[in-house]
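Here this note's numbering is used: the first residue of the sequence shown is 26, the next is one more, and so on. Here a beta-carbon is modelled for each residue, glycine too, at the ideal position from N, C-alpha and C.
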Amino acid sequence: MKLLAVVPYVPAPTWGGGARSFYVLQALASNYLVSLIALSRDAESRIAASCRPLLERLQRVEFVPYSAPRWRRWRQALNIVRGASSAIADRCPPALQAAVDRALASDHYQAVYVDGALTAAGLRLPLTLPAFILQHNLEYELLYRTYCAEKSWLRRWYNEREYRLVKPRELACCQQAAAVFVTSERERQLLQESLPQARIGVVPNGVDLTFFAPTAEGKQEQAGQRLLFTGSLDYYPNEQAVLSFARECWPLIRERSPTAEWWIVGRNPPRSVRRLARLPGVRVTGTVPDVRPYLAEASVVVVPLSIGSGTRLKILEALAMKKAVVSTTLGAEGLAVVSGRHLVIADTPGDFANAVISLLEDAERRQALGEAGRRLVEQNYSWDHCQKQLAALLQEHLGKRPLFRGSLL
26 MKLLAVVPYV PAPTWGGGAR SFYVLQALAS NYLVSLIALS RDAESRIAAS CRPLLERLQR
86 VEFVPYSAPR WRRWRQALNI VRGASSAIAD RCPPALQAAV DRALASDHYQ AVYVDGALTA
146 AGLRLPLTLP AFILQHNLEY ELLYRTYCAE KSWLRRWYNE REYRLVKPRE LACCQQAAAV
206 FVTSERERQL LQESLPQARI GVVPNGVDLT FFAPTAEGKQ EQAGQRLLFT GSLDYYPNEQ
266 AVLSFARECW PLIRERSPTA EWWIVGRNPP RSVRRLARLP GVRVTGTVPD VRPYLAEASV
326 VVVPLSIGSG TRLKILEALA MKKAVVSTTL GAEGLAVVSG RHLVIADTPG DFANAVISLL
386 EDAERRQALG EAGRRLVEQN YSWDHCQKQL AALLQEHLGK RPLFRGSLL
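In structure tokens form, the structure reads like this:
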């Protein structure tokens, strides 16, 4: 069976959303003849080497060049004038549609796998072609939470506008798809409440247990005083998480642990994040080729998210490497974790800082949390396990009547 996969970025396993896409495509390529069309924000020569083994297993690969970020504000302004959603336009520009049209005209595919409902909302597909949508989160939920958390009236207005445009489109795409795969049972229930007839399954996020393995004894944490945050820093929820942590929690931690360090590791840090390197004890690395050495040397991984949807790969990766994690409730949302057993959950700046300090001072407790966290991901969140769930769901739904009804634009 031939599948056409449409992804709004290069599916590299070295960063959050890319990792989910990478391992899902890997599972698809094991059972079907898969062709890939993906937006690329970089020249092909700069595409991460880590995704090349996957690309070599695909029948056909086309990268569609994507405009430079400096034009983003102009695109947003144009979409406001047009009454269109920038979130949808950003995930499905005309060049991507053109590439999909060429692929469908040149070969016969039995189904289309679309990475994200925002991409699906912008695509025009044949009425008879089943489409499967892989969700990384519920986009309308993320936009609503961003709107609620914003202080700037302009950003609040913009995010409310996007929310009102995106929600009906996202729900319509999920209703019309042959099947939709979400990251957690919480999201499945939330989506099913709005769409009782939709075919919705759970394909959790996972972690490569061999790649993210605990380091050898003697090469681990540095003197029990290093905090770590990982994540793409051009992703607004991550940016806001580190800024609020720096403002509200870091001074409390440094006051009681003057030798503590906080490393912020992630690609494309904006100026607001780079400036945090001026604070005592703070390091901002920017893009790194491999996050594992930083995880290995960390004493506590912090996940102070106040905005988000889906589930956090950064938590699964830290648990896989037997690291103690302190997270907000929202940060750990959707994962089968228990506070005090697998990680520590804290939601106020004072409680969060106290939890971090307590772990910095207690190596035995850090070790116990790390051991329990590793067992949890081994049981529930290995990519092998998640890929088997996807294969079973696809087998269940591939023979059913296609429901996707083309573009909603």
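Cβ neighbours of residue i in the same chain (closer than 7 Å, five flanking residues each side left out)
i	result
N184	L168, T171, Y172, E175
E273	P374
R296	none
G243	Residue placement at G243 is poorly supported in this model, since its pLDDT is 41, which falls under 50; the coordinates are not used for a value here.
L64	P33, Y34, V89, Y91, L121
L83	A54, V59, S60, L61
Length of the line joining the Cα atoms of residue i and residue j
i	j	result
S383	S324	12 Å
A109	Y91	19 Å
R224	L154	16 Å
K192	S177	22 Å
W288	D409	31 Å
A349	R303	26 Å
L415	R337	19 Å
S55	A130	25 Å
Own chain partners of residue i with C-beta closer than 6 Å, once the 5 adjacent residues on each side are dropped
i	result
P38	A44, F47, S75
F206	L159, G226, V228
G42	H161
Counted within 10 angstroms of its Cβ, other Cβ atoms place residue i as buried (16 or more) or exposed
i	result
I113	buried
E103	Correcting the residue identity first, residue 103 is Leu in this sequence and not Glu. Answer is exposed; the Cβ neighbour count stays below 16.
V106	exposed
T284	exposed
Q412	buried
A13	Outside the displayed range of the chain (26 to 434) lies residue 13, so it cannot be described from this structure.
Q214	exposed
L179	exposed
Supposed contact pair residue j and residue i - C-beta distance, whole angstroms, cut 8 Å
i	j	result
L394	V362	Contact doesn't hold; Cβ gap of about 10 Å is too wide.
L163	L216	7 Å
A476	A203	Here the chain has residues from 26 to 434 only, and residue 476 is not among them.
S60	A128	6 Å
Limits of the unbroken alpha helix (DSSP H) element including residue i
i	result
T438	Residue 438 lies beyond the residue range present for the chain, which begins at 26 and ends at 434; the question has no answer from this structure.
K27	From DSSP, K27 is part of no alpha helix (DSSP H) but of the beta strand (DSSP E) over 27 to 32.
G41	41 to 56
A416	408 to 422
T235	Note, T235: premise wrong, no alpha helix (DSSP H); not H, not E.
T171	164 to 174
Residue i, enclosing beta strand (DSSP E) - first and last residue
i	result
P90	85 to 90
S352	349 to 352
V436	The chain is shown only over 26 to 434; residue 436 falls outside these bounds and no answer can be derived.
A202	That residue, A202, is in no beta strand (DSSP E); it is neither H nor E in DSSP.
Own chain residues within Cβ distance below 8 Å of residue i, not counting five before or after
i	result
G305	Residue 305 is actually Pro in this sequence, not Gly. Only R279 meet the Cβ criterion.
V316	T39, T255, V290, E342
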